[in-house]
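Residue numbers (my numbering): 528 to 652.
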């Protein structure tokens, strides 16, 4: 590139509370305006709001749980929705392309690591 070629620089500005979060799923769809909506979540086991234990004769907490709130705690899975995005068609296509590039880069790294250790890509997933 010669010195006369036009260039542009981008400066990244982060909110003071910027904090990337781990996600392991997404839920969304197409809006009435034709935009793609993706809500990102972390799927996990729930924590009880309250548990009740018996008290042993010596005053220590017993190991048996008498009650939990909510009662159906063991049949629940929490999907904590931390953030979401709304994308128009062109931005969705650009993000799709960018993600595809990053996945391809990661697959090359994984293959190199697996080849050097004698493993296969499928064993890592």
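Ideal placement from N, C-alpha and C gives every residue a C-beta, glycine not left out.
Within a Cβ cutoff of 8 Å, which residues of the same chain sit near residue i, ignoring the five residues on either side of it in sequence?
i, result
"residue 632", "none"
"residue 549", "569"
"residue 583", "589"
Out of curiosity, what's the CA-to-CA distance linking residue i and residue j?
i, j, result
"residue 578", "residue 600", "11 Å"
"residue 595", "residue 537", "52 Å"
"residue 636", "residue 529", "33 Å"
"residue 606", "residue 574", "12 Å"
"residue 615", "residue 643", "42 Å"
"residue 624", "residue 535", "22 Å"
"residue 576", "residue 608", "19 Å"
"residue 629", "residue 640", "17 Å"
Thinking residue i and residue j are a contact (beta carbons under 8 Å), I'd like their distance in whole angstroms, please.
i, j, result
"residue 604", "residue 572", "7 Å"
"residue 610", "residue 567", "5 Å"
Only counting the same chain, and skipping five residues up and downstream in sequence, which positions put a Cβ closer than 7 Å to that of residue i?
i, result
"residue 556", "564"
"residue 562", "613, 614 and 615"
"residue 551", "569 and 570"
For residue i, I'd like the list of residues in its chain whose CB is within less than 6 Å of its CB, leaving aside the five on either flank, ordered along the chain.
i, result
"residue 619", "563"
> So, do the stretch 584–595 and the stretch 538–547 have three or more beta carbon pairs nearer to each other than 8 Å?
Replying inline: Touching, no.
> What beta strand (DSSP E) runs, 3 residues minimum, are completely inside the stretch 556–590?
Replying inline: Fully enclosed beta strand (DSSP E) runs of 3 or longer: 563–571 and 577–582.
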